[in-house]
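Written out below as structure tokens is the structure these notes cover.
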Amino acid sequence: MNIPRLHGWRVVLACRPHGKPLTSDFRLESFAVPALEDGEVLLRVRYLSLDPYMRGTMDDRKSYRPPTPVGGVMVGEAVAEVLESRHSGFRPGELVLARTGWVTHSVLAGQQLARLDERFQPVTTALGILGMPGFTAYTGVENIGRPQQGETVVVAAASGPVGSLVGQLAKIKGARAVGIAGGPEKCTFVREKLGFDAAIDHRAPDFPALLADACPDGIDIYFENVGGAVWQAVLPLLNMHARVPLCGLIAQYSAGSTPAHDFLPATMNELLSRRITVTGFINSDFAAQRPKFLDDVSRWIAEGRIHYRENVISGLENAPGAFIGMLEGSNFGKLLVEI
Ligand SMILES: NC(=O)c1ccc[n+]([C@@H]2O[C@H](COP(=O)([O-])OP(=O)(O)OC[C@H]3O[C@@H](n4cnc5c(N)ncnc54)[C@H](OP(=O)(O)O)[C@@H]3O)[C@@H](O)[C@H]2O)c1
């Protein structure tokens, strides 16, 4: 018989949100950590990643990730330390990458873990620039955007882990990078630290005109992270044969099913008349490219050609508030919870 010997904490979905999530949609609860079976590993989470896709899992609708059941643990990836192991491939003290969810402790099969090698310095990069978000930027740029010398690449959420790498990759390929970000502090960071050619505040009242000024030759590649009003400002600026890697639509994640007004006819009209290609993608579509991504981006970081920013908050109990804030832009860099 397995006797529970340790208690951990977890955040579960208390109820489904209507529109924007509230902290009352989450519940922090303690749980008995099960004893290990053969082949399993007991983990203590060090850093939990908070990512926009988690908003989609809170709704009961079909998507590329299944919904979290009410009462179920919020999903998520973490850097965790092995506390105990009954798997020959892992020893106590090692750090691994694992889909633990929003928890302090987890018991997982050894096959579900990936050991972190020395390239992940600091280890938090395994969840950001060298993790799923960085890989998303890399695959969308390499496979769909494919920027050429002198082309103009525009990306929103430009100070975040996906957008920041998109613009820097565009620069490495000789393109012009224009970032869209919320507020002057993020815009300054995008221009001065990340080296984008321009950064525009999407909250500025004259945002569409400012964006047009920053793109005098139009837009060849728009890496779509946001949708909504940003897409409406971008659409008239897209050049003939523009490419749009469709990565995320964060402005719409909590909007419900009824748009404020139907922008689809205008979108379709522009796609047709300017032969624009929009390609939706999920990073896992390109899983085979992960080794090359890690080689390239870790080398560029070491050479000082790629910069990144992390926003680390403390305590699992603060994860719901930080996650809700991220959906509105209160994070500044890759959002992580230190546990
Ligand atoms: N397809 C895939 O495989 C895949 C994988 C990972 C991520 N994604 C998507 O990539 C996008 C960026 O992810 P991330 O992890 O890098 O997020 P992030 O930048 O760390 O955080 C999201 C950012 O979105 C911006 N934002 C929120 N609402 C907005 C609005 N109405 N208008 C303009 N900007 C808004 C905010 O930045 P500002 O303050 O600058 O506005 C916020 O900080 C998300 O849409 C995400 O779902 C897709």
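Heads up, the sequence shown is in the numbering used here, so the first residue is 1331 and it goes up one at a time.
Glycine residues also receive a C-beta, built at the ideal position from the N, C-alpha and C atoms.
- In this structure, the alpha-carbon of aspartate 1527 lies about 10 Å from that of alanine 1505.
- Between methionine 1404 and valine 1363, the gap from beta carbon to beta carbon reaches 8 Å or more.
- Membership of lysine 1516 in the alpha helix (DSSP H) is indicated by the continuous run 1514–1518.
- Closer than 7 Å to some heavy atom of ligand 1: that describes the Cβ of phenylalanine 1611.
- Contact between the stretch 1396–1403 and the stretch 1590–1608 is absent: fewer than 3 CB-CB pairs across the two stretches fall below 8 Å.
- Under the three-state reduction of DSSP, methionine 1384 is assigned to helix.
- For phenylalanine 1465, the closest of Ser1628, Gly1663, Val1375, Gly1431 by C-alpha to C-alpha distance is Ser1628.
- Closest by C-alpha distance to arginine 1533, out of Ala1486, Met1570, Arg1521, is Ala1486.
- Of the residues Ser1354, Tyr1638, Glu1554, Glu1633, the one whose Cα lies closest to the Cα of glycine 1401 is Ser1354.
- The shortest CA-to-CA distance from glutamate 1647 to any of Phe1356, Met1462, Leu1336 is the one to Phe1356.
- The criterion of a C-beta distance shorter than 8 Å is not satisfied by valine 1496 and leucine 1457.
- Assignment of beta strand (DSSP E) within the stretch 1603–1633, counting only whole runs of 3 or more residues, yields 1607–1610 in chain order.
- Taking the Cα of glutamine 1498 as reference, the smallest distance to any Cα among Gly1512, Leu1352, Ala1529 is reached at Ala1529.
- Histidine 1435 counts as buried, since no fewer than 16 other beta carbons sit within 10 angstroms of its beta carbon.
- Counting only the Cα atoms, glycine 1645 lies some 11 Å from valine 1433.
- When secondary structure is reduced to three states using DSSP, glutamate 1407 falls in the coil class, being assigned neither helix nor strand.
- Straight-line measurement puts the Cα of proline 1347 at about 39 Å from the Cα of histidine 1417.
- Here the stretch 1466–1486 makes no contact with the stretch 1436–1447; the two share fewer than three CB pairs at distances below 8 Å.
- Along the length of the stretch 1485–1509, whole beta strand (DSSP E) runs at least 3 residues long do not occur.
- Annotated three-state conformation of glutamate 1370 is strand, per DSSP.
- Counting along the chain, the unbroken beta strand (DSSP E) around isoleucine 1551 starts and ends at 1549–1553.
- In the same chain as aspartate 1390, and ignoring 5 residues on each side of it, the C-beta atoms closer than 8 Å to its own belong to Arg1346, Pro1397, in chain order.
- Residue pairing by DSSP puts phenylalanine 1356 in a beta bridge opposite Leu1343.
- DSSP, read as helix, strand or coil, puts threonine 1482 in strand.
- Going by C-alpha positions, valine 1492 is about 15 Å away from phenylalanine 1519.
- When the beta-carbon positions are compared, proline 1575 and glycine 1470 come within less than 8 Å of each other.
- Of all alpha-carbon atoms in Ile1551, Cys1517, Asn1555, Ile1580, the one lying nearest the alpha-carbon of proline 1566 is that of Ile1551.
- Distances taken from the Cβ of methionine 1656 to the heavy atoms of ligand 1 include one shorter than 7 Å.
- Residue range 1537–1544 is occupied by the alpha helix (DSSP H) that includes aspartate 1543.
- Nearest to glutamate 1481 by alpha-carbon distance, out of Arg1335, Pro1621, Pro1382, Met1570, is Met1570.
- Counting the other CB atoms within 10 Å of its CB gives serine 1489 a total of 16 or more, which places it among the buried residues.
- The shortest C-alpha to C-alpha distance from leucine 1541 to any of Glu1522, Ser1494, Val1508, Arg1573 is the one to Val1508.
- The beta carbon of valine 1483 sits closer than 6 Å to the beta carbons of Pro1477, Ala1500, Ala1505, Ala1507, Ile1551 from its chain, once the five residues preceding and following it are set aside; these are given in chain order.
- Shown here, asparagine 1599 sits in a helix according to DSSP, grouped into three states.
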